[in-house]
Structure formats: structure tokens, C-alpha cells
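Enquirer:
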Amino acid sequence: MRIVVDLNRCQGYAQCVPLAPTVLKLNGEEALMYDPNPSDSLRQQVLRAAASCPVQAIIVDRLDEKGDKA
Amino acid sequence: MKTAALVADVVTEFKTNGRIVIVGASLAGLRAAETLRDEGFNGKLTIIGDEKEEPYDRPPLSKQVLKGWVRADHTLLPRMRKVDADWRLGVAATGLDRANKQVRLANGDQVPYDRMLIATGTRARPWFNPKEAALAGVFTLRTAGDAGRLQAALAAKPGRVLIIGAGFIGSEMASVCRELGLAVTVAERAEGPLVGALGGVIGDIAAEMQREAGVDLRTGVSVQSLEGDASGHVRRAKLSDGTTLDVDVVVASLGSIRNTEWLEGAGLASGRWGVACDAGCRVFDVNGVVTDSIFVAGDIARAPHVLYEYQFLVLEHWDNAVFGGKVAAHNMVSLEPDRRPHLPLPAFWSGQFGVNIKGVGVGPFADEIVITQGSVKDRRFAAAYGRRGRIVAAVTFNHGKWLEYYGALIERSAPFPPPPPGYDQANGMKPMPARFPEPGVPTAYPDVVLTGHDPTERSAEYRQKKR
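Each protein sequence line maps, in turn, to chains A and B.
Going letter by letter, the first sequence gives residues 0 to 69 in numbering that gives the first Met the number 0.
Going letter by letter, the second sequence gives residues 0 to 466 in numbering that gives the first Met the number 0.
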């Protein structure tokens, strides 16, 4: 799956980190690091993490299949 | 039939059977394509990109990818919807024929358009000496391919890495090198890191962060030459202060060059400064007259900004690509009363040395800075930038939650120094010179000249300087 975190919007609340700890990590106090293309098996975790974000900074792909062709 | 009804018919026809070409298959181009479909454009959509990958995100390349946590080909951008486009990837646009409304491609194809979006972005400025740039172990960083190659070189545990240029990307790479336990030297011509974007006061703080993390930071020096061994691998760098460094990896992090060469001869206001446009993303022709069918978004769009005395600004920021792409797409399929302006409050971020640096506004527009909140010593603070008594930018170090407060002040043209927030005030808020470098020396010859004497003949002409 594919995600992108809008790091302008992200305020480092880190609510997402414990919900998908292999995908979203803090580097230091408030700099979020993430895996933009985590395994599909983590989709539920990532969706929960995205839902938990107080500023809704985690953008998850809305296509079932990967991309549309290109 | 009334004119209004005729126009409505034309719009319906365009949305049904029109042809839109997006040149540039990255963040701005992708978000523009999605917006076009969202807004009911059902015609033929072609997306042209010189890289073979489908649209991917670049900010992770200098951070989690270099560190080896995320693969270089694993930053593909999430899709917001199907775009049903004809993707022409791995083939560059090489020319624009405005008279016949066609984009020329490197493989000789011509792609016709009714409306066209320019989103060709920038590329890394290469090391100035091509022979030295070709040495094994010498890199630049802009594409996923660049990141993959550089990551592999760092994973091979080089003896010393030299990073030339301490802007945001150079500093982020230095941070990754230290996190990987690599010896790294950073050579910066200016007085400190990040000085171009944030000024010398913040540059001093960034310099301390680098040195505390173990970076061998050398400021006020330039790298004069690189030398290779018998096998053509870089081994030494000569600095302007006379020192020689033994290095195994060199990264030239010298900023970007705008991809506008393909527009030469098209008669648009394009050149090394980018592509000039109005605040609705419509491109100006070489005379400064707005065009109706050509739009621009992303890193190369140079538009007047209401907050900054209507100066034409390029903003190489992530959300400028997102919002610029969306506004351009909206305006491509809208009539005049429905057009929207792209008036972003510039915003950016950078993670380095465990510190989250975020900014809003345009720092280099300022002449003064004041630390308003937190503590510089603790690397947790906010600072505001001012020009002639009003706030024009702000930066936070591990204090990002406060940025919105300053963003709102900037949008209101609030006074500088700004009214202090309710709590968490820094000691002795005192404005001081922000210490931005002087603007570059003016060049001797113009790129654009005026020609013709009669009013009907008078026009501008773009004359590429010999480099």
C-alpha cells in the first residue's frame, strides 16, 4: 500500500506511532519518519493510525489495486 | 442562441472531448491529473514524464531512504483516485509548438493538446567539472535512482563522506551519515548551514547542531577540485583554504536547475528563473502577456505573491506542488468567474540531527529575526522574521505546534516583533539582524531584451546566455 504524511500538517503528536510502529516512527522529539510503501498486510494498522491523527496528516491511497497502470 | 449558452456548450464539449497534456509525472502533475478528473474532465489526458517510475515522493529520499530503512523504489505516491490517463513515462518532452498546440517528445512523437500543464520541476545542479563529476563515488541527489546509488555507497562503509553544500538536503544527508556512524565533512561556501533559507542567526544554531553530532563542518570554504585514483574512483578533495581531504564518497548538494530548456523557442516567459505565471497558474508569454491554454505548477512556477509585495516567487516546497497542481487543474477546466488563485502561505520542513525544523513564510524576504519562544540552548524554540515592522516568516526547531500561530500572523501582515503568545515566551525577545547573504551580483548581460520600435512590433525576445 502507499501512504504519504503531510509533514507540514503533522504536529508530532505521535498518536499514530504505537498503532503502526513498523511504519511510523519518531526521529527525535517530533520529526516523524515513515515507510511510504508498507506491506499490504499492514493496511488495517495503517488505517487505524491514520484515523488516530489529530490533524489528519496521513494520506492513504484510495485505489484498491496498486496505481492505475502507470 | 445566447452567447452564454454557446460558451456553456464549448465548456461541455471541452470537458467531454478536449485534450489535456501534463508534462511532468511527479507530485504536482499527479495531483493535477486527479483534480481534472474530480472536476469532470472526461477528455483525453496524457501524462509525460522523463523518469520511468510512476509518480513518487522525493522528501524521503534524503532521509529514510539514505538511511537504508526504506528502499529507494518504495516512495510511490498514494493515488487519490483513478486518473485514466495515457502515461508516457521514460520519455522527455523536448519542445513545445504553440502554433500547432503540440508537445514534442524525445522519441519523435508529437502529442497534441488543447490545454497543457508544465510541471517539469527541477534537477540537481551537477558538480561543475564534468570529468570530476564522472568519477565513481561522486553523487548528486534528486531522483529515486540517485538515492538508491548513494544509499548503496553509504552502506559500503566509506572512510569519509564529503558533502558539498549545507542547504536543507546537504544537512539532512550529513545527519544520516552520522546516524550511520560514518565520518562526514560538510563544506559550505556561506558562513553556516541553511543560511540561504534561514539566515546567519539560525545558521549558527544549525552549525552547532552539526558539530555536536560529530560532523566536520567547514564554512566559508569552497571545494576547488576532486581527484580520483587509477581506477577512476574519487579519493581526494582540494578546498579553497589549501587543505586536502581524503574522501571515498562526495555528494554535490548545490541546489537545483529548473527544467525549462525544452521550452526554449516557444515564446513563453521561461528561463533559468522558472516559468512566470499569474496567481491562477496561467503562464505568461515572453512579453509578459498571459496565455489561455498553458499552465504551470510546482517547483518551476514563478508567480506574484500578494504577501510579498507581489514579487514573483518560486517555492520549491512540497505543498506548493500539491496545491499549485490542484489550482492549475481547476482553472484549466473553469471559466473566468470560477477561477481560483493559488496563494499559498509558503511552508516547509526538514528533519536533521533529531530536530524537526519547520518554517512558514519567506525568510530571505526579512531583514530581522527575533527568538520568540522556547530556548535555543535546548534546541526547542520558535523565531519570527520581520521586514520593515511586519512579520514575514517564522521558523521552529522542535516547536512545530506553534507554527500555525505565526502563520496566521503572517497572513494578517501582523506587526514585527510579533505579539507574544500567551505563554512559553523566550527570555529578552530582542530583534537582531537576520544575516541573509547579499543577493548575487547582477549579471552583465540580460537574458531578455526588448526589440522593435512601432507599438505593433514591440516585443521581448529571450536570448540564452552562453554558459
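We put the CB at the ideal spot given by N, CA and C, even for glycine.
These numbers were taken from a predicted model, which means no experiment stands behind them.
Anyone know if the C-beta pair for Ala-31(B) and Ile-47(B) falls short of 8 Å?
Expert: Residue 31(B) sits at position 32 when you count from the first residue of the second sequence. Residue 47(B) sits at position 48 when you count from the first residue of the second sequence. Cβ atoms of Ala-31(B) and Ile-47(B): not closer than 8 Å.
Enquirer: Using 8 Å as the cut-off, can you tell me whether the segment 328 to 340 of chain B makes contact with the segment 31 to 42 of chain B, which would need three or more C-beta pairs spanning the two stretches below that distance?
Expert: They touch, by the three-pair rule.
Enquirer: Can you check the segment 96 to 155 of chain B for any alpha helix (DSSP H) of at least 4 residues that lies completely inside it and give the ranges in chain order?
Expert: Within the segment 96 to 155 of chain B, the complete alpha helix (DSSP H) runs of at least 4 residues are 129 to 132, 143 to 154.
Enquirer: Look up Glu-187(B) in the DSSP assignment and say whether it is helix, strand or coil.
Expert: Position 188 of the second sequence, counted from the start, is the residue given in the question as residue 187(B). The answer is strand: DSSP assigns Glu-187(B) an E or B state.
Enquirer: Using beta-carbon positions only, say whether Ala-13(A) and Ala-48(A) come within less than 8 Å of one another.
Expert: As a working mapping, residue 13(A) is identified with position 14 in the first sequence. As a working mapping, residue 48(A) is identified with position 49 in the first sequence. The answer is no: Cβ separation not under 8 Å.
Enquirer: Using DSSP with H/G/I as helix, E/B as strand and the rest coil, what is Met-79(B)?
Expert: In the second sequence, counting from the first residue as 1, residue 79(B) sits at position 80. Reduced to three states, the DSSP call for Met-79(B) is coil.
Enquirer: Are the CB atoms of Val-250(B) and Thr-93(B) within a distance shorter than 8 Å?
Expert: Stepping through the second sequence from its first residue, residue 93(B) is reached at position 94. Stepping through the second sequence from its first residue, residue 250(B) is reached at position 251. No; because the gap between Cβ atoms is not below 8 Å, this pair is not in contact.
Enquirer: Indicate the three-state DSSP secondary structure (helix, strand or coil) for Asp-247(B) in the structure shown.
Expert: Taking the second sequence and counting its residues from 1, the one referred to as residue 247(B) is at position 248. It is coil, neither helix nor strand.
Enquirer: For the candidate residues Asp-228(B), Gln-150(B), His-316(B), Val-233(B), whose alpha-carbon lies nearest to that of Gly-120(B)?
Expert: Residue numbering aside, residue 120(B) sits at position 121 when the second sequence is read from its first letter. Nearest C-alpha to Gly-120(B): His-316(B).
Enquirer: Name, please, each residue of chain A whose Cβ falls closer than 8 Å to the Cβ of Asp-56(B).
Expert: Here residue 56(B) is taken as the residue at index 57 of the second sequence, counted from 1. Within chain A, the residues near Asp-56(B) are Val-3, Pro-35.
Enquirer: Is the shortest distance between the beta-carbon of Pro-343(B) and the beta-carbons of chain A less than 8 Å?
Expert: Within the second sequence, the letter at position 344 stands for residue 343(B). No - not a single Cβ of chain A is within 8 Å of the one on Pro-343(B).
Enquirer: Is Ala-24(B) closer than 8 Å to Pro-54(B) when the C-beta atoms are compared?
Expert: Looking up residue 54(B) in the second sequence gives position 55. Looking up residue 24(B) in the second sequence gives position 25. The answer is yes: Cβ separation under 8 Å.
Enquirer: Tell me which residue opens and which closes the beta strand (DSSP E) that Lys-237(B) is part of.
Expert: For this step, residue 237(B) is matched to residue 238 along the second sequence. Looking at the DSSP string, the run of the beta strand (DSSP E) that includes Lys-237(B) is 233 to 238.
Enquirer: Can you name the residues of chain A whose CB is closer than 8 Å to the CB of Val-69(B)?
Expert: Position 70 of the second sequence holds residue 69(B). Within 8 Å Cβ-Cβ: Asp-34, Pro-35, Asn-36.
Enquirer: DSSP three-state label for His-329(B), please.
Expert: Along the second sequence, one-based indexing puts residue 329(B) at 330. DSSP places His-329(B) in helix when its eight states are reduced to three.
Enquirer: If you follow the beta strand (DSSP E) that Asn-16(B) is in, where does it begin and where does it stop?
Expert: By one-based count along the second sequence, residue 16(B) stands at place 17. Looking at the DSSP string, Asn-16(B) is not in any beta strand (DSSP E); the run it does join, the alpha helix (DSSP H), is 2 to 16.
Enquirer: By the 10 Å Cβ neighbour count, where 16 or more other Cβ atoms means buried, how is Glu-367(B) classified, buried or exposed?
Expert: Within the second sequence, residue 367(B) is the residue found at index 368, counting from 1. By the 10 Å Cβ count, Glu-367(B) comes out buried.
Enquirer: Would you say Arg-42(A) faces chain B, with C-beta separation under 8 Å as the test?
Expert: Translated into positions along the first sequence, residue 42(A) becomes position 43. By this cut-off, Arg-42(A) is not an interface position.
Enquirer: Quick check: is the beta carbon of Leu-197(B) nearer than 8 Å to any beta carbon in chain A?
Expert: Locating residue 197(B) in the second sequence gives position 198, counting from the first residue. Answer no: the Cβ-Cβ gap between Leu-197(B) and chain A never drops below 8 Å.
Enquirer: I'd like to confirm the pairing. Which residues does DSSP put opposite Val-354(B) in its beta bridges?
Expert: Counted from its first residue, the second sequence places residue 354(B) at position 355. Paired residue(s): Gln-351(B).
Enquirer: Could you please give the first and the last residue of the uninterrupted beta strand (DSSP E) stretch that includes Thr-34(B)?
Expert: By 1-based counting over the second sequence, the position of residue 34(B) is 35. Segment 26 to 37 is the alpha helix (DSSP H) holding Thr-34(B); no beta strand (DSSP E) there.
Enquirer: Run down chain A in chain order and give the residues with a C-beta less than 8 Å from the C-beta of Arg-386(B).
Expert: Looking up residue 386(B) in the second sequence gives position 387. Correct list: empty, because the minimum Cβ distance to chain A is about 23 Å.
Enquirer: On the three-state DSSP scale, how would you describe Ala-49(A)?
Expert: Here residue 49(A) corresponds to residue number 50 of the first sequence, with the count starting at 1. Ala-49(A) falls in the helix class under three-state DSSP.
Enquirer: Does the distance from the C-beta atom of Val-468(B) to that of Gly-202(B) stay below 8 Å?
Expert: For residue 468(B) there is no data in the structure shown, the boundaries of chain B being 0 and 466.
Enquirer: For Ala-151(B), count neighbouring Cβ atoms within 10 angstroms of its own Cβ and tell me buried if that reaches 16, exposed if not.
Expert: For the purposes of this step, residue 151(B) is taken as the residue at position 152 of the second sequence. Counting Cβ neighbours within 10 Å, Ala-151(B) comes out exposed, since fewer than 16 surround it.
Enquirer: Could you name the residues of chain B that Gln-10(A) contacts, counting a contact when the two beta carbons are closer than 7 Å?
Expert: Counting from one through the first sequence, the residue named residue 10(A) turns up at place 11. Simply Gly-399, Lys-400.
Enquirer: Of the choices Gly-385(B), Leu-225(B), Gly-198(B), whose alpha-carbon is the least far from that of Ser-412(B)?
Expert: On the second sequence, residue 412(B) is found 413 positions in, with the first residue counted as 1. That would be Gly-385(B), whose Cα lies nearest to the Cα of Ser-412(B).
Enquirer: Name the chain B residues whose beta carbon is nearer than 9 Å to that of Ala-48(A)?
Expert: The residue given as residue 48(A) occupies position 49 in the first sequence. Under the 9 Å cutoff, chain B gives no residues; its nearest Cβ is about 14 Å from Ala-48(A).
Enquirer: Quick check for students: name the residue ranges of the beta strand (DSSP E) that lie wholly in the segment 246 to 281 of chain B, counting only runs of 3 or more.
Expert: You should have 248 to 251, 255 to 257, 273 to 275.
Enquirer: Could you compute how far the alpha carbon of Val-102(B) sits from the alpha carbon of Ala-383(B)?
Expert: Numbered from 1 along the second sequence, position 103 holds the residue referred to as residue 102(B). Numbered from 1 along the second sequence, position 384 holds the residue referred to as residue 383(B). Rounded to the nearest angstrom, the two C-alpha atoms are 45 Å apart.
Enquirer: May I ask you to report which of helix, strand or coil DSSP gives Trp-86(B)?
Expert: Residue mapping note: residue 86(B) aligns to position 87 of the second sequence, counting from 1. Correct three-state label for Trp-86(B): strand.
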